Amino acid sequence: MPSITEESVSWEAERSELQAVLRSPLFSRSPTLTHLLSYLCEKKFAGDSDQIKEYSVAVDVFDRRDTFDQDSDSIVRVQANRLRKRLSDYYSSEGVAHSMRITIPVGQYIPAFEKMTAAESTSSSLTPQTDAQDDLPQPKWAPGRALVWLLGGTIFVLLIVVLLIIGGLLGREKSRPLPTTRSPSIQQETPESVGLPVGEEVRILAGTTRKYVDHAGKLWNPDSYFSGGAAVPSAVQHIWRTQDPIVYRNSRQGDFTYNIPLRPGTYELRLHFTESFYGPENAGGGGEGSRIMTVTANGRPLLRDFDVLADSGGDRTADVRVVPDISPAADGQLHLSFNSVNGSAMLSAIEILPGVHGHIRPVRIVARDLPYYSNDSQWWSPDAYFKGGQFASRQEPALDTDDPEFYETERWGHFSYAIPVSPGRYTVTLYFIEHGAVSEKRVFNVFCNGKTILPNLNLMEEAGENRPLVRKIKGLEPNAQGKLLLEFVPVTHYATVTAIEIIPE
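Counting in the numbering used here, the sequence shown runs from 2 upward without gaps.
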């Protein structure tokens, strides 16, 4: 009988450790992270570590298309960071005594299996399917023990095949809602319409020669495809309702056009503006009426007698107008024209995104400074469109949810969100949690365009401590400025919100 090499012993120990991690409650309730960890480890076991790249992970694990662009889609980096944190949590709790640990080194995606010393491992008895002698070299191997290892290896192989099949099924089912109404993935009446369309994305910063990557990990390109007008910089530093004031610090002004090449299809156009010249505290003085313009797309009017300052409700405020159902003209270009009516027409930035016929893309915002992928792999934008309030992160874990990390942050105080949408009716879902006992009872109102939608909300009474509360409001329509203006107004203590989801009806 040939001897069993040290390498094969290590291989079996690594598989044993992987199985112990995948069976743990921390991972069994997170199919996305389970699928990712299984994929990375199986690639390593197969000797294909050189194939573990961000692109291959995006395509194989997260069902991205072969046109995946890591500069505009950060799903692999975000989920890898979540996996590192989940592994750290595991080995600081139920896996603390394991003689081997799995890590994903920062800056790469190839898993590492690290053997722990006796001092680092408090007790080997807590490690599933390990033996005290497994970490020692075995100069001789008895036939009976070899048979045990052979049978054990067969069982491990069968287990990993079953788990990979289950992981694959779970990966294909990740758009389904999680089995709790208090998780960020709640059931929608038209689930096929709630995901973000995938395809070509165009982002242009008007009036600048530099690139910029925003808080959402999206790449903005320098000004291009324009004709006419002039690039105008601004010295204004703070811009309300955005975490990315750089997007609004330059503009193209005058009478100008953009002729942007696009592939055939349906797109969503998002035009970004801010008024940083006119206003009571700005260089131009004046106010509403000082700058009025008209905007057309392929000759079709989009904005008539448009006044940025009046539309945004104030100067130095990010203003976004959303237009669905945009397509290139017969020559394969989108022709945007900006014409002055009074003063000079202006533009801060252009976004052209894959669209959905008849309505806008779903809007998902979480009170964070970076994007977040929920357990159902839905992408949530970092905090945007807000004014007022404070950001906070909490340590108390959320209960009764499969995605407690989703509820770690909040915006609190007296604040509002001016979320741009197109005409239509929308379902707004608001996510709340009361972290820990507050010194004073928290009661607040939520308004949409001046109408009360949640009166005298008391999270502690309705949900309890550290338990999420989800409220869905249907049939909401934007105001004349194309916004769902959500205001969170304290009655006692402060208002709070964790996330906002807006789905077209």
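For every residue, glycine included, the Cβ atom is placed at its ideal position computed from N, Cα and C. Model, not experiment: these values are computed from the prediction.
Continuous alpha helix (DSSP H) stretch holding residue i: start and end
{"i": "glutamine 391", "result": "No alpha helix (DSSP H) contains glutamine 391, which is instead part of the beta strand (DSSP E) from 387 to 394."}
{"i": "tyrosine 40", "result": "32 to 46"}
{"i": "serine 29", "result": "26 to 29"}
{"i": "methionine 461", "result": "460 to 463"}
{"i": "leucine 270", "result": "Segment 268 to 274 is the beta strand (DSSP E) holding leucine 270; no alpha helix (DSSP H) there."}
The beta strand (DSSP E) enclosing residue i, as first and last residue numbers
{"i": "phenylalanine 227", "result": "227 to 234"}
{"i": "glutamine 254", "result": "251 to 262"}
{"i": "leucine 485", "result": "484 to 493"}
{"i": "arginine 412", "result": "410 to 421"}
{"i": "glutamine 334", "result": "334 to 343"}
{"i": "arginine 472", "result": "470 to 477"}
Straight-line Cα distance separating residue j from residue i
{"i": "isoleucine 247", "j": "proline 26", "result": "43 Å"}
{"i": "asparagine 260", "j": "proline 223", "result": "15 Å"}
{"i": "tyrosine 249", "j": "tryptophan 380", "result": "24 Å"}
{"i": "proline 372", "j": "arginine 85", "result": "17 Å"}
{"i": "leucine 310", "j": "glycine 280", "result": "8 Å"}
{"i": "phenylalanine 114", "j": "glutamate 411", "result": "36 Å"}
{"i": "isoleucine 361", "j": "arginine 395", "result": "33 Å"}
{"i": "glutamine 134", "j": "glutamate 95", "result": "Unreliable positioning characterises glutamine 134 in this predicted model, as indicated by a pLDDT of 32, which lies under 50. The coordinate reading is nonetheless provided below. Going from the Cα of glutamine 134 to the Cα of glutamate 95 covers about 22 Å."}
{"i": "tyrosine 226", "j": "isoleucine 103", "result": "49 Å"}
{"i": "leucine 400", "j": "aspartate 67", "result": "38 Å"}
{"i": "threonine 243", "j": "alanine 385", "result": "5 Å"}
{"i": "valine 321", "j": "alanine 464", "result": "35 Å"}
{"i": "threonine 493", "j": "alanine 393", "result": "19 Å"}
{"i": "tyrosine 213", "j": "leucine 206", "result": "8 Å"}
{"i": "leucine 137", "j": "isoleucine 111", "result": "Low per-residue confidence applies at leucine 137: pLDDT is 30, beneath 50, and the placement is therefore not dependable enough to give any value."}
{"i": "proline 398", "j": "glycine 266", "result": "44 Å"}
{"i": "leucine 23", "j": "alanine 14", "result": "14 Å"}
{"i": "phenylalanine 387", "j": "aspartate 245", "result": "12 Å"}
{"i": "glutamate 409", "j": "valine 447", "result": "21 Å"}
{"i": "glutamate 18", "j": "threonine 402", "result": "26 Å"}
{"i": "serine 423", "j": "proline 325", "result": "7 Å"}
{"i": "proline 405", "j": "aspartate 377", "result": "13 Å"}
{"i": "isoleucine 454", "j": "valine 342", "result": "38 Å"}
{"i": "phenylalanine 433", "j": "histidine 239", "result": "28 Å"}
{"i": "proline 491", "j": "proline 456", "result": "11 Å"}
{"i": "proline 469", "j": "serine 375", "result": "15 Å"}
{"i": "proline 302", "j": "serine 50", "result": "54 Å"}
{"i": "serine 31", "j": "histidine 99", "result": "21 Å"}
{"i": "valine 97", "j": "serine 57", "result": "32 Å"}
{"i": "aspartate 312", "j": "arginine 65", "result": "37 Å"}
{"i": "asparagine 283", "j": "aspartate 256", "result": "23 Å"}
Proximal residues to residue i (C-beta, below 6 Å), its chain only, five neighbours per side dropped
{"i": "asparagine 450", "result": "Asn480 and Leu486"}
{"i": "glutamate 502", "result": "Arg365 and Thr430"}
{"i": "methionine 461", "result": "Glu435"}
{"i": "aspartate 72", "result": "Leu220"}
{"i": "serine 228", "result": "Thr258"}
{"i": "valine 203", "result": "Ile353"}
{"i": "glutamate 488", "result": "Ser417 and Phe448"}
{"i": "leucine 337", "result": "Tyr259 and Ala298"}
{"i": "serine 235", "result": "Arg250 and Ser277"}
{"i": "phenylalanine 274", "result": "Val309, Asp320 and Ser349"}
Contact test: residue i Cβ vs the ligand ATP heavy atom, cutoff 8 Å
{"i": "valine 357", "result": "Absent from the structure shown: the ligand ATP. Ligands present: none."}
Expected contact under 8 Å - CB spacing of residue i and residue j to nearest Å
{"i": "glycine 290", "j": "aspartate 308", "result": "7 Å"}
{"i": "valine 444", "j": "leucine 458", "result": "7 Å"}
{"i": "threonine 33", "j": "glutamine 109", "result": "20 Å between Cβ atoms; not a contact."}
{"i": "glutamate 466", "j": "glycine 437", "result": "7 Å"}
{"i": "threonine 297", "j": "aspartate 306", "result": "13 Å between Cβ atoms; not a contact."}
{"i": "valine 77", "j": "glutamate 43", "result": "Not quite, the Cβ-Cβ distance comes to about 17 Å (not below 8 Å), so this is no contact."}
{"i": "phenylalanine 28", "j": "arginine 87", "result": "7 Å"}
Proximity of residue i and residue j at Cβ, strictly below 9 Å
{"i": "valine 323", "j": "alanine 500", "result": "no"}
{"i": "alanine 496", "j": "phenylalanine 416", "result": "yes"}
{"i": "glutamate 506", "j": "lysine 475", "result": "yes"}
{"i": "alanine 346", "j": "arginine 292", "result": "yes"}
{"i": "leucine 335", "j": "leucine 270", "result": "yes"}
{"i": "asparagine 299", "j": "alanine 350", "result": "no"}
{"i": "valine 233", "j": "glycine 208", "result": "yes"}
{"i": "tyrosine 40", "j": "valine 62", "result": "yes"}
{"i": "tryptophan 413", "j": "alanine 319", "result": "no"}
{"i": "proline 355", "j": "tyrosine 268", "result": "yes"}
{"i": "glycine 333", "j": "leucine 263", "result": "yes"}
{"i": "glycine 314", "j": "alanine 419", "result": "yes"}
Proximal residues to residue i (C-beta, below 7 Å), its chain only, five neighbours per side dropped
{"i": "glycine 218", "result": "Ser75 and Pro372"}
{"i": "histidine 216", "result": "Gln244, Asp245, Asp370, Leu371 and Pro383"}
{"i": "glycine 389", "result": "Gly414, His415, Phe416 and Ser417"}
{"i": "proline 421", "result": "Val321, Arg322, Val323, Gly483 and Lys484"}
8 Å CB neighbourhood of residue i in its chain, flanking five on each side removed
{"i": "tryptophan 12", "result": "Phe46"}
{"i": "arginine 211", "result": "Pro223"}
{"i": "glycine 286", "result": "Tyr279 and Gly280"}
{"i": "valine 60", "result": "Arg66, Asp67 and Phe69"}
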